[in-house]
Amino acid sequence: MAERKIVDGRGSFCPGPLMELIVALKSSQIGDELEVLSTDKGSANDIPEWLNKVGHEYLSTSESEGVWHIALRKSK
Amino acid sequence: MKILIIGGGMGGTILANNLARRLTNEMKSGKARITMLSASDKHMYQPGLLYLAVGRITPDELYRDQASLLEPGINFHVDPVTDFMLDNNQVKTKSGKIFDYDILVIATGSRMFPEGIPGMAEGAETFYTEETAVKMLKRLQSFEGGKVVISVGVPHKCPMAPLEITFMLHDYFKDRGMADKVQLHYTYPIGRVHSLENVAKWAAPEMDKLGITYETFFNTKEVDVENKVLRSEEGVEVKYDLLINIPVHKGMEVLEKNGLGANGWIPTNRTKLNMEGRSNVFVCGDTTNIPISKAGSTAHFEADTLGENIAAIVKMGIPVREYDGKVFCFIEAGKDRATYAMFNYLNPPDPKAPTKAVHWFKMAYNKLYWVSARGLL
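Protein chains in written order, with our numbering: chain B, 567 to 642; chain E, -9 to 367.
Right, here's the structure in full:
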């Protein structure tokens, strides 16, 4: 299985973790797994909400030492 | 020590001048040499394009001769790089010359890429170059009313531009007596009207007050030019009469061709600002892949850090400070009021209500920019 692509949005207020994810998805292939790292707790809600709207597969969220890890799979 | 700076925009110019002042003695003794390579003999003040698009300045006000901005002793050549041979500490230019270096700084900026979205280049106006800003102004002048939709591509430079152009268009149409004939509709890729939460908290009520409608979680997928419809990745369709585009951006093509980074974004250490895997190659401004605003102030503050560090490397062999993610962006909230957002990696911005005073500060900075470019402000 291919490695998960890490999208490191820690400490990013602008453009922020979700925008970094949107950029990363553009250069990813269908089936690729990505994991967003964010120090913004809002990402734990925003990113799954957007994934649901746009049709990518949301996999999981976990938090460790103030960093949220949000995993997904590019579906289209 | 040979210091080679690629790119004559804000970051490269501030850095070159900063270094020239710090290394005056070393340059005189021949211990240090600063060379800048640029694709142009002109330096453009890019934030001015916003004002050009609504007819508040003319194109000539955007430019100065690049050479006139540089400290004596900086070797400046209008000769863009075509090949990066980093293993040999060399670059090759369009004229065929080879430049070798001890320290390389890549500050090549970013470019708009509207063709990244089908139909966008043909269907939308934008203001990210002189040519497109003048074209947009002419289109605005001939516009007789209808729905004006703002589309925001990701990534883009100047994160405040989507809000600024929206508020400035409001005042533009109001001044033309057309406020009741124009509906401004703002779209944005994430779940609020701006990436900065506190800016979004300020901006959304401003839009409500001005009758500007908005739609979030909207990532433009394609433009149906014939039917004037914008379609999003989220499955939403929006009709428009006039489409204003904040375009998708890429780094310079030469970087992609040389394998320095996907889409021209160079993997860069976010505090040390060196290219990942290269201790003698630094990156400044839009072309880093750092998750930070692609903004002039980012380039400015990165250049300040690099100026100190490269000078310290020349003098002592070691860098002395880290970049803390500092960004400062003015936000024009219309024709005569503005606020600003200042933040870094640890502290989010807390913008206050727009005032005339901050707007006039911005107007003054539009002129003072040239002092910044010279590394003095």
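Ideal Cβ placement from N, Cα and C applies to all residues, glycine included.
Note that the coordinates shown come from a computational prediction; the quantities given were computed from them, not determined experimentally.
Endpoints, alpha helix (DSSP H) assigned at residue i
i, result
"I588 (chain B)", "583 to 592"
"N8 (chain E)", "0 to 12"
"A637 (chain B)", "Here A637 (chain B) belongs to no alpha helix (DSSP H); instead the beta strand (DSSP E) covers 633 to 639."
"T295 (chain E)", "286 to 306"
"D90 (chain E)", "First-last for D90 (chain E): 88 to 90, but that is the beta strand (DSSP E), not the alpha helix (DSSP H)."
"F157 (chain E)", "151 to 165"
"T177 (chain E)", "Where T177 (chain E) is concerned, there is no enclosing alpha helix (DSSP H), although the beta strand (DSSP E) it sits in stretches over 172 to 177."
"K(-8) (chain E)", "Premise fails: K(-8) (chain E) lies in the beta strand (DSSP E), -8 to -4, not in any alpha helix (DSSP H)."
"L617 (chain B)", "609 to 620"
DSSP state of residue i mapped onto helix, strand, coil
i, result
"E599 (chain B)", "strand"
"K571 (chain B)", "strand"
"M373 (chain E)", "Nothing can be reported for residue 373 (chain E), as the shown portion of chain E is limited to -9 through 367."
"L186 (chain E)", "coil"
"L336 (chain E)", "coil"
"F351 (chain E)", "helix"
"L358 (chain E)", "helix"
"K147 (chain E)", "coil"
"A331 (chain E)", "strand"
"E115 (chain E)", "strand"
"K82 (chain E)", "strand"
"S604 (chain B)", "strand"
Residue i to residue j span [Cα, whole Å]
i, j, result
"G307 (chain E)", "G575 (chain B)", "32 Å"
"W350 (chain E)", "L366 (chain E)", "21 Å"
"E623 (chain B)", "E227 (chain E)", "23 Å"
"I24 (chain E)", "C274 (chain E)", "16 Å"
"G249 (chain E)", "M75 (chain E)", "11 Å"
"S30 (chain E)", "Y53 (chain E)", "11 Å"
"F133 (chain E)", "I93 (chain E)", "51 Å"
"K632 (chain B)", "L60 (chain E)", "Residue identity check: residue 632 (chain B) is Gly in the sequence provided, not Lys. If you take the alpha carbons of G632 (chain B) and L60 (chain E), they lie about 45 Å apart."
"F208 (chain E)", "V183 (chain E)", "10 Å"
"D612 (chain B)", "S85 (chain E)", "50 Å"
"F320 (chain E)", "A331 (chain E)", "6 Å"
"T261 (chain E)", "A610 (chain B)", "26 Å"
"V195 (chain E)", "T156 (chain E)", "With the sequence shown as reference, residue 195 (chain E) is identified as Pro, and Val is not the correct amino acid for it. Taking the straight line from one Cα to the other gives about 14 Å."
"S185 (chain E)", "F163 (chain E)", "26 Å"
"Y91 (chain E)", "K(-8) (chain E)", "5 Å"
"G608 (chain B)", "G143 (chain E)", "22 Å"
"T288 (chain E)", "G2 (chain E)", "12 Å"
"K619 (chain B)", "S222 (chain E)", "11 Å"
"A22 (chain E)", "H67 (chain E)", "18 Å"
"T119 (chain E)", "L358 (chain E)", "21 Å"
"E16 (chain E)", "R364 (chain E)", "19 Å"
"L625 (chain B)", "A637 (chain B)", "5 Å"
"M197 (chain E)", "A343 (chain E)", "13 Å"
"E105 (chain E)", "I88 (chain E)", "33 Å"
"W634 (chain B)", "V573 (chain B)", "12 Å"
"P338 (chain E)", "P149 (chain E)", "15 Å"
"D231 (chain E)", "G577 (chain B)", "39 Å"
Beta strand (DSSP E) segment containing residue i, residue limits
i, result
"L625 (chain B)", "623 to 630"
"R129 (chain E)", "No beta strand (DSSP E) contains R129 (chain E), which is instead part of the alpha helix (DSSP H) from 120 to 132."
"E322 (chain E)", "317 to 322"
"M168 (chain E)", "Segment: none, M168 (chain E) is in no beta strand (DSSP E) and carries neither H nor E."
"H138 (chain E)", "Here the sequence assigns Val to residue 138 (chain E), which means His is not the residue at that position. Counting along the chain, the beta strand (DSSP E) containing V138 (chain E) begins and ends at 136 to 142."
"I93 (chain E)", "93 to 96"
"R101 (chain E)", "100 to 102"
TODO: Entirely within the region 189 to 270 of chain E and at least 3 residues each: give me those beta strand (DSSP E) ranges in chain order.
DONE: Those beta strand (DSSP E) runs which fall completely within the region 189 to 270 of chain E and span 3+ residues are 203 to 205, 210 to 214, 219 to 222, 227 to 229, 232 to 236, 239 to 241.
Open item on the list: Against chain B, which members of the region 196 to 226 of chain E pass a CB distance test of less than 7 Å?
Closed with: So the list reads F207, N209, E223, E224, given in the order they occur along the chain.
Task: Interface positions of the region 74 to 98 of chain E facing chain B (Cβ-Cβ less than 7 Å), listed along the chain - done: So nothing in the stretch comes that close.
Task: Positions along the region 238 to 260 of chain E whose CB lies within less than 8 Å of some CB in chain B - done: Residues passing the 8 Å Cβ filter: A252, N253, R260.
- [ ] Give the residues from the region 615 to 628 of chain B that approach chain E closer than 9 Å (Cβ to any Cβ), ordered along the chain.
- [x] Shown in chain order are the members of the region 615 to 628 of chain B whose Cβ falls below 9 Å from a Cβ of chain E: E615, W616, K619, V620, G621.
- [ ] Quick one: which residues of the region 321 to 341 of chain E get their C-beta closer than 9 Å to a C-beta of chain B? List them in chain order.
- [x] When C-beta distances to chain B are compared with 9 Å, the residues of the region 321 to 341 of chain E below that value are A331, F333, N334, Y335, L336, N337, P338, P339, in chain order.
TODO: Go through the region 21 to 80 of chain E residue by residue and report every complete run of the beta strand (DSSP E) that reaches 3 residues or more, in order.
DONE: Here the runs fully enclosed are 23 to 28, 32 to 34, 53 to 55, 65 to 68, 71 to 75.
- [ ] Check distances from the C-beta atoms of the region 576 to 602 of chain B to those of chain E and list, in chain order, the residues that come in under 9 Å.
- [x] Cβ proximity to chain E below 9 Å picks out R576, G577, S578, F579, C580, P581, G582, P583, L584, M585, E586, I588, V589, K592, S593 from the region 576 to 602 of chain B.
Open item on the list: Tell me which residues of the region 139 to 161 of chain E have at least one Cβ-Cβ distance to chain B shorter than 7 Å, keeping chain order.
Closed with: Listed in sequence order: V144, P145, P149.
TODO: Compile a chain-ordered list of the residues in the region 168 to 179 of chain E whose CB is closer than 9 Å to at least one CB of chain B.
DONE: Within the region 168 to 179 of chain E, the residues whose Cβ lies closer than 9 Å to some Cβ of chain B are P179, listed in chain order.
- [ ] Could you name the residues of the region 104 to 120 of chain E whose beta carbon sits closer than 9 Å to any beta carbon of chain B, in the order they occur along the chain?
- [x] Here the close residues are G106.
- [ ] Below 9 Å between beta carbons is the criterion; list the residues of the region 272 to 290 of chain E that meet it against any residue of chain B, in chain order.
- [x] Residues are counted here when their Cβ sits less than 9 Å from a Cβ of chain B; for the region 272 to 290 of chain E these are I280, P281, I282, S283, K284, A285, given in chain order.
Open item on the list: Tell me which residues of the region 119 to 135 of chain E have at least one Cβ-Cβ distance to chain B shorter than 7 Å, keeping chain order.
Closed with: Under the 7 Å Cβ criterion, the region 119 to 135 of chain E contributes no residue.
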